[in-house]
Amino acid sequence: MNPYEIRKLFPILDQEVNDQPLVYLDSAATSQKPSAVIQSIEDYYRGYNSNVHRGVHTLGTKATDAYEGAREKARKFINASLMEEVIFTRGTTTSLNIVAKSYGGANLSEGDEIVISYMEHHSNIIPWQQIAKQTGAVLKYVPLQLDGTISIDDVKATITDATKIVSIMHVSNVLGVINPVKEIAQIAHSHGAIMVVDGAQSTPHLKVDVQDLDCDFFAFSGHKMVGPTGIGVLYGKKEHLEKMEPVEFGGEMIDFVGLYESTWKELPWKFEGGTPIIAGAIGLGAAIDFLTEIGLDNIEAHEHHLAAYALEKMAEIEGLMIYGPLDPMKRAGVITFNIADVHPHDLATVLDMDGIAIRAGHHCAQPLMKWLDVSATARASFYLYNTEEDIDKLVQGLVKTKEYFSNVL
Amino acid sequence: MSFNNLDTLYRQVIMDHYKKPRNKGVLEDGNLTIDMNNPTCGDRIRLTMKVEDQKVVDAKFEGEGCSISMSSASMMTQAIKGKDIETAVKLSKTFSEMIQGNEYDDTLDLGDIEALQGVSKFPARIKCATLAWKAMEKGLKE
Numbered sequence: 001m002n003p004y005e006i007r008k009l010f011p012i013l014d015q016e017v018n019d020q021p022l023v024y025l026d027s028a029a030t031s032q033k034p035s036a037v038i039q040s041i042e043d044y045y046r047g048y049n050s051n052v053h054r055g056v057h058t059l060g061t062k063a064t065d066a067y068e069g070a071r072e073k074a075r076k077f078i079n080a081s082l083m084e085e086v087i088f089t090r091g092t093t094t095s096l097n098i099v100a101k102s103y104g105g106a107n108l109s110e111g112d113e114i115v116i117s118y119m120e121h122h123s124n125i126i127p128w129q130q131i132a133k134q135t136g137a138v139l140k141y142v143p144l145q146l147d148g149t150i151s152i153d154d155v156k157a158t159i160t161d162a163t164k165i166v167s168i169m170h171v172s173n174v175l176g177v178i179n180p181v182k183e184i185a186q187i188a189h190s191h192g193a194i195m196v197v198d199g200a201q202s203t204p205h206l207k208v209d210v211q212d213l214d215c216d217f218f219a220f221s222g223h224k225m226v227g228p229t230g231i232g233v234l235y236g237k238k239e240h241l242e243k244m245e246p247v248e249f250g251g252e253m254i255d256f257v258g259l260y261e262s263t264w265k266e267l268p269w270k271f272e273g274g275t276p277i278i279a280g281a282i283g284l285g286a287a288i289d290f291l292t293e294i295g296l297d298n299i300e301a302h303e304h305h306l307a308a309y310a311l312e313k314m315a316e317i318e319g320l321m322i323y324g325p326l327d328p329m330k331r332a333g334v335i336t337f338n339i340a341d342v343h344p345h346d347l348a349t350v351l352d353m354d355g356i357a358i359r360a361g362h363h364c365a366q367p368l369m370k371w372l373d374v375s376a377t378a379r380a381s382f383y384l385y386n387t388e389e390d391i392d393k394l395v396q397g398l399v400k401t402k403e404y405f406s407n408v409l
Numbered sequence: 001m002s003f004n005n006l007d008t009l010y011r012q013v014i015m016d017h018y019k020k021p022r023n024k025g026v027l028e029d030g031n032l033t034i035d036m037n038n039p040t041c042g043d044r045i046r047l048t049m050k051v052e053d054q055k056v057v058d059a060k061f062e063g064e065g066c067s068i069s070m071s072s073a074s075m076m077t078q079a080i081k082g083k084d085i086e087t088a089v090k091l092s093k094t095f096s097e098m099i100q101g102n103e104y105d106d107t108l109d110l111g112d113i114e115a116l117q118g119v120s121k122f123p124a125r126i127k128c129a130t131l132a133w134k135a136m137e138k139g140l141k142e
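If you read the sequences in order, they're chains A and B.
Read left to right, the first sequence gives residues 1 to 409 (full-length UniProt numbering).
Read left to right, the second sequence gives residues 1 to 142 (full-length UniProt numbering).
Following this line, the structure appears as structure tokens:
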């Protein structure tokens, strides 16, 4: 895999920011889009824009085929066994909210436990807080090890027979750690609980197989995996989805509508109320084709390589603190750090002047920030289009920033 | 790297306030406490003020944040001490115009605060500069 060749397929990367060539190191927030994805959306709007699942005209059929074709691509991408198990949503946040509201609302009662971890993104915390308040369930947190990883012993100690739902992120958007969700699912199941996986940060970077993980639900977003914003997937085992009530009601999701009662369409459509995100799904399908052609194994190897390279180079900078495990094999291409005496916002502004885009802030993980005992951190995240050269520029920028602030402070 | 651009942001007086914040802490005898944070970035401030007879007698702040937000808080407390509420609010409005790069009333003596003018060239950082001022306005409106 040659990242220099891949870069050429992403038109946005060929530009200058603040008179410097753009170095985009914020893919964990959102990834850039290749021409093929942009083109697929344009083709739909220019050539066959039409509503799906209704009407008999030719464009309608074309649009429906493309929309359902994208579902089939998503199914294969995560190796779900049935297309009924693949629901298009607005993204990971919406997917997790559906599980909390619909499954949680129906299956939780007072004293039941929901187990999450300290490293979760807000989207995998707040839906559970809310449903816990409504049902009287108790929200419990798996603690973290000193290096930010989750230990199986802690998981075993936290999950009990009262646990009904376990929901853990596959890859951390802050620490970059890859969590043992398959083992956690086994523990959850042995206590009769279901396993929910937040896959927002894993699907872009490593091969996901929901059957192998044996998770009950799996959520991910298109925009972090070279697809458009506003589209994501909720995978759920059919046995659960069949029993669940939809959370949105209206057009598209109905079977028969009476004056006082209605019935729902079959899976997966009963969860897709309203005109669906057609262009988004088609764009996601193109993104899946793009990633599949390059190969998730190649992408994962490239990111491990970049993480190893960056960890080594960044460790040489005095006063730079890296959060999370230092073993590159234990993490995806996300490095969160701070430089002594330089606030991450100041750091991000100085790097931006050099055309380098990184993230600064709490990364939608305030409980984790509290655990790390910091109010904010800087984060550089890598993807298939990043190169060693990008990391060299980052490191040079960091050294310069340190110098600049030691002069002005 | 274009350090010249950065120098318009990180003026010496700003860095001085960042390094040696004035009025840092909590007023023991304050009668107004305002907590405010910037949810998008994690900056937070607790502003305590002592207001008597429509006048800000004393003000202190504590919090966490970048050089811009913390220096702005330091300058703000310095500027409003001893001012009546009306003047303090007027200062805040003037500051808000200045920081957004709009025309502002230059008859008011902004003192050190004028150093923050460069922030207007960095739109992503305007929210950092306005946090403490928003807290002050919220407190005085109550």
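Where is the CB? At the ideal position from N, CA and C, for every residue including glycine.
Can you give the Cα-Cα distance for I254/A and G236/A, rounded to whole angstroms? Translated into positions along the first sequence, residue 254/A becomes position 254. Translated into positions along the first sequence, residue 236/A becomes position 236. Each residue's CA atom was taken as its position, placing I254/A and G236/A some 20 Å apart.
Return helix, strand or coil for I187/A, following the three-state DSSP convention. As a working mapping, residue 187/A is identified with position 187 in the first sequence. Helix.
Does any CB atom of chain B fall closer than 9 Å to the CB of Q366/A? Translated into the one-based positions of the first sequence, residue 366/A becomes position 366. At a cut-off of 9 Å between beta carbons, Q366/A contacts chain B.
Taking 9 Å as the CB-CB cut-off, is Y404/A touching chain B? In the first sequence, the residue the question calls residue 404/A occupies position 404. It does; some Cβ of chain B falls within 9 Å.
Within the same chain, show all residues whose beta-carbon is closer than 6 Å to that of A279/A, passing over the 5 residues directly before and after it, in chain order. Numbered from 1 along the first sequence, position 279 holds the residue referred to as residue 279/A. If we look at A279/A and ignore the five residues flanking it on each side, its Cβ neighbours are I41, Y44.
What number of angstroms, rounded off, separates the C-alpha of M1/B from the C-alpha of N407/A? Indexing the second sequence from 1 puts residue 1/B at position 1. Indexing the first sequence from 1 puts residue 407/A at position 407. The predicted position of M1/B is uncertain, since its pLDDT is 47 and thus under 50; a value taken from the coordinates is nonetheless stated next. The straight-line gap from Cα to Cα measures roughly 15 Å.
Assigned secondary structure, D43/B (DSSP; H/G/I helix, E/B strand, else coil): Start at 1 with the first residue of the second sequence, and residue 43/B comes out as number 43. Residue state, collapsed to three classes: strand.
Same chain only: Cβ atoms within 7 Å of K134/B, ignoring 5 sequence neighbours per side: The residue labelled residue 134/B in the question sits at position 134 within the second sequence. Take K134/B, set aside five residues on each side of it, and the residues of its chain with a beta-carbon closer than 7 Å to its own are M36, in chain order.
Since K375/A meets chain B, which of its residues come closer than 8 Å, beta carbon to beta carbon? Position 375 of the first sequence, counted from the first residue, corresponds to residue 375/A. The residue you asked about is not Lys; residue 375/A is Ser in the sequence shown. Ordered by position in chain B, the residues that pass the 8 Å Cβ test against S375/A are G42, D43, R44, E64, G65.
Measure from the C-beta of S69/B to each C-beta in chain A and report whether the shortest distance is under 9 Å. Taking the first residue of the second sequence as 1, we reach residue 69/B at position 69. Flagged as an interface residue toward chain A: S69/B, by a C-beta distance shorter than 9 Å.
Who are the neighbours of G250/A on chain B, taking C-beta pairs under 9 Å? Within the first sequence, residue 250/A is the residue found at index 250, counting from 1. Result: empty, since nearest Cβ-Cβ is about 31 Å, beyond 9 Å.
Unbroken alpha helix (DSSP H) run spanning T292/A, endpoints: As a first step, residue 292/A is located in the first sequence; it is residue number 292 there, counting from the start. Segment 278 to 294, the alpha helix (DSSP H) holding T292/A.
Taking buried to mean at least 16 other C-beta atoms within 10 Å of its own C-beta, is G285/A buried or exposed? Here residue 285/A refers to the residue found at position 285 when the first sequence is read from its first residue. G285/A counts as buried, since no fewer than 16 other beta carbons sit within 10 angstroms of its beta carbon.
Would you say V395/A reaches chain B, if we count a Cβ-Cβ gap shorter than 9 Å as a contact? In the first sequence, residue 395/A corresponds to position 395, counting from 1. For V395/A, the answer is no, since every Cβ of chain B falls outside 9 Å of its Cβ.
For the stretch 339 to 353 of chain A, list every residue whose C-beta sits within 7 Å of some C-beta in chain B, in sequence order. Within the stretch 339 to 353 of chain A, the qualifying residues are H343, H345, D346, T349, V350, M353.
Determine the direct distance from the alpha carbon of H57/A to that of V334/A, and round the result to whole angstroms. As a first step, residue 334/A is located in the first sequence; it is residue number 334 there, counting from the start. As a first step, residue 57/A is located in the first sequence; it is residue number 57 there, counting from the start. Their backbone Cα atoms lie some 47 Å apart in a straight line.
Using DSSP with H/G/I as helix, E/B as strand and the rest coil, what is F122/B? Here the question's residue 122/B lines up with position 122 in the second sequence. Coil at F122/B, not helix or strand.
Between the C-alpha atoms of C364/A and A200/A, what's the straight-line distance to the nearest angstrom? In the first sequence, counting from the first residue as 1, residue 364/A sits at position 364. In the first sequence, counting from the first residue as 1, residue 200/A sits at position 200. In a straight line, the C-alpha of C364/A is about 13 Å away from that of A200/A.
Anything in chain B within Cβ reach of H205/A, meaning under 8 Å, just list it in chain order. Position 205 of the first sequence, counted from the start, is the residue given in the question as residue 205/A. Neighbours of H205/A on chain B: none; closest Cβ ~25 Å, over 8 Å.
Interface residues of chain A around F122/B at Cβ under 9 Å? For the purposes of this step, residue 122/B is taken as the residue at position 122 of the second sequence. In chain order: T349, D352.
On the DSSP bridge assignment, give the partners of V342/A in chain order. Counted from its first residue, the first sequence places residue 342/A at position 342. According to DSSP, which records beta bridges pairwise, V342/A is partnered with I339/A.
Three-state secondary structure (DSSP) of N38/B: The residue given as residue 38/B occupies position 38 in the second sequence. The answer is strand: DSSP assigns N38/B an E or B state.
Per-residue contacts from G361/A into chain B (C-beta, under 8 Å): Locating residue 361/A in the first sequence gives position 361, counting from the first residue. Those within 8 Å of G361/A in chain B are T40, C41, G42.
If the cut is a Cβ gap below 9 Å, which residues of chain B does M369/A touch? Taking the first residue of the first sequence as position 1, residue 369/A is located at position 369. Under a criterion of Cβ atoms nearer than 9 Å, the residues of chain B adjacent to M369/A are, in order, G42.
Just the Cα atoms here: how many angstroms apart are V23/A and P11/A? As a working mapping, residue 23/A is identified with position 23 in the first sequence. As a working mapping, residue 11/A is identified with position 11 in the first sequence. The straight-line gap from Cα to Cα measures roughly 13 Å.
For a test of the three-state rule: what should DSSP assign to G361/A, helix, strand or coil? For this step, residue 361/A is matched to residue 361 along the first sequence. It is a strand residue.
D26/A, DSSP secondary structure in three states: Locating residue 26/A in the first sequence gives position 26, where the first residue counts as 1. DSSP places D26/A in strand when its eight states are reduced to three.
Residues bridged to I87/A (per DSSP): Taking the first residue of the first sequence as position 1, residue 87/A is located at position 87. I87/A pairs with L234/A.
So what's P328/A in DSSP terms, helix, strand or just coil? The sequence position of residue 328/A within the first sequence is 328, counting from 1. In the structure shown, P328/A sits in a helix (DSSP, three-state: H, G or I).
Ignoring anything shorter than 4 residues or poking outside the stretch 58 to 111 of chain A, list the alpha helix (DSSP H) runs there in chain order. Within the stretch 58 to 111 of chain A, the complete alpha helix (DSSP H) runs of at least 4 residues fall at 58 to 78, 92 to 98.
Quick check on T263/A: buried or exposed, where buried means 16 or more other Cβ atoms within 10 Å of its Cβ? Position 263 of the first sequence, counted from the first residue, corresponds to residue 263/A. Result: exposed.
For N298/A and F217/A, the rounded distance between their alpha carbons: Walking along the first sequence from the start, residue 217/A turns up at place 217. Walking along the first sequence from the start, residue 298/A turns up at place 298. So the two alpha carbons sit approximately 26 Å from each other.
Do we get a CB-CB distance below 9 Å when we pair D390/A with the residues of chain B? If you number the first sequence from 1, residue 390/A lands on position 390. Nearest CB-CB separation between D390/A and chain B: not below the 9 Å threshold.
Going by C-alpha distance, which of I114/A, V399/A, L175/A, A287/A is nearest M329/A? Taking the first sequence and counting its residues from 1, the one referred to as residue 329/A is at position 329. Of the candidates I114/A, V399/A, L175/A, A287/A, the one whose C-alpha sits nearest the C-alpha of M329/A is L175/A.
Chain-ordered neighbours of L9/B on chain A, where CB pairs are closer than 8 Å: Within the second sequence, the letter at position 9 stands for residue 9/B. One finds T349 in chain A with Cβ atoms closer than 8 Å to the Cβ of L9/B, taken in chain order.
To the nearest angstrom, how far is it from the Cα of I184/A to the Cα of F337/A? Numbered from 1 along the first sequence, position 184 holds the residue referred to as residue 184/A. Numbered from 1 along the first sequence, position 337 holds the residue referred to as residue 337/A. CA-to-CA, the gap between I184/A and F337/A works out to about 28 Å.
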